[in-house]
């Protein structure tokens, strides 16, 4: 009996050690993704377009600044994108990168191709995976050039950023490929016509502003996204599980008549809501950035949202004050 127990314990210990060795030997893996053929421009019109994207619909400034500067940024100040915002995730802790052209601590030492690959593939200059927050896989070549051109035009700011620290869960998921660069099906266009059309709205919602990222209940494993109900049907909770926090549930943006928040809004009402900006101080929606969008972009987004498949997903409330339990969670 004792021999049997010892044998079993030996097998368990061997399994644990083998698992540990497997994870530790594979989690710090690199990916050999190709570099996009992108070259930045010194043209002032291109740089201005990049600035509009960075501080507007692409809302890069919502993450790549220090949290202490957030209020100033939302008020319209062009805060340098020096990074420093801390994200405590279920798989580890990451800090937003310094996007100023400082050679030592920012992007100044990276090639245009390395920056473009980071934007599109979430693969860093060293081949390691980056936090997959950016929806820019299918951003047009023209807009990627504009963003990089603006980033290179900024004043360099020296601000060293710590590397991501992954917990055991994060290392396990990276080592097994559950966390990996996103697989997004589609074709990257050289450019797209900027006009208030469904086509351009589709581009903004899915490939620039990332409306689909926050307004869709989904899981991403092995690079593939799987929706619970359908894209843009809402239901994502922000604010964590702590009932002492103000928490937010993203609304259903589909045109479903009974449960879609904007289903009965006209276009001017939609535009006016974006112009209004932030109502709740801690709302995760980057209202300051989106309030900077021009009317063409806002109307294009509205027209696209009105064209998509209606999905019935009733969101009882979008704001829960401290102490309130989220219905249906």
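Residue numbers (full-length UniProt numbering): 1 to 329. Ideal Cβ positions, reconstructed from N, Cα and C, are used throughout, including at glycine.
query	result
Given this structure, state the Cα-to-Cα distance separating residue 54 from residue 183, to the nearest angstrom.	24 angstroms
Residue 151 and residue 204 look like a contact to me (Cβ under 8 angstroms); what is the Cβ gap, rounded to whole Å?	With a Cβ gap of about 20 angstroms, residue 151 and residue 204 do not count as contacting.
I need the DSSP call for residue 35, collapsed to helix, strand or coil.	coil
Does the separation of the CB atoms of residue 207 and residue 136 fall below 8 angstroms?	yes
Give me whichever residues DSSP pairs with residue 178 in a beta bridge.	None; residue 178 has no bridge partner.
Rounded to whole angstroms, how far is the Cβ of residue 313 from the Cβ of residue 234, which I believe are closer than 8 angstroms?	6 angstroms
Throw me the rounded Cβ distance for the residue 318 and residue 251 pair, which I believe falls under 8 angstroms.	5 angstroms
Which residue from 121, 161 and 62 puts its Cα closest to that of residue 104?	161
Tell me the start and end of each unbroken beta strand (DSSP E) in the UniProt domain "Cytochrome c" (45-155) that is at least 3 residues and wholly inside, in chain order.	86-89 and 92-95
Taking the alpha-carbon positions, what's the residue 2 to residue 22 distance?	30 angstroms
By alpha-carbon positions, which one of 79, 281 and 305 ends up nearest to residue 154?	79
Can at least three beta-carbon pairs, one atom from the region 287-305 and one from the region 195-204, be found at a separation below 8 angstroms?	yes
Helix, strand or coil for residue 229 per DSSP?	coil
So is residue 72 buried or exposed if we call it buried at 16+ other beta carbons inside 10 Å?	exposed
For residue 32, count neighbouring Cβ atoms within 10 angstroms of its own Cβ and tell me buried if that reaches 16, exposed if not.	exposed
Select from 106, 173 and 76 the residue whose C-alpha is nearest the C-alpha of residue 24.	173
With a threshold of 7 angstroms on Cβ separation, who are the neighbours of residue 142 within its own chain once the five nearest residues in sequence on each side are excluded?	190 and 191
Between residue 227 and residue 211, what straight-line distance do the alpha-carbon atoms span, to the nearest angstrom?	14 angstroms
Would you mind listing the beta strand (DSSP E) stretches within the UniProt domain "Cytochrome c" (196-309) that are 3+ residues and don't spill past its ends, in chain order?	218-221, 224-227 and 247-249
Kindly indicate which three-state DSSP category residue 157 falls into: helix, strand or coil?	coil
The alpha helix (DSSP H) with residue 10 in it runs from where to where?	2-26
Quick one, are the C-beta atoms of residue 346 and residue 47 less than 8 angstroms apart?	Absent from the structure is residue 346, since the part of the chain shown begins at 1 and ends at 329.
Return yes when the Cβ of residue 108 is within less than 8 angstroms of the Cβ of residue 159, no when it is not.	no
Could you work out which residue in 265, 26 and 15 is closest to residue 179 when comparing CA atoms only?	26
Would you kindly work out how many angstroms separate the C-alpha atoms of residue 209 and residue 246, rounded to a whole number?	24 angstroms
From residue 287 to residue 18, what distance separates their C-alpha atoms?	48 angstroms
Would you kindly work out how many angstroms separate the C-alpha atoms of residue 218 and residue 237, rounded to a whole number?	12 angstroms
Look at the Cβ atom of residue 292, then the Cβ atom of residue 56, and state whether they are nearer than 8 angstroms.	yes
Taking 8 angstroms as the cut-off, does the region 300-313 touch the region 252-264 (at least 3 CB pairs, one atom from each stretch)?	yes
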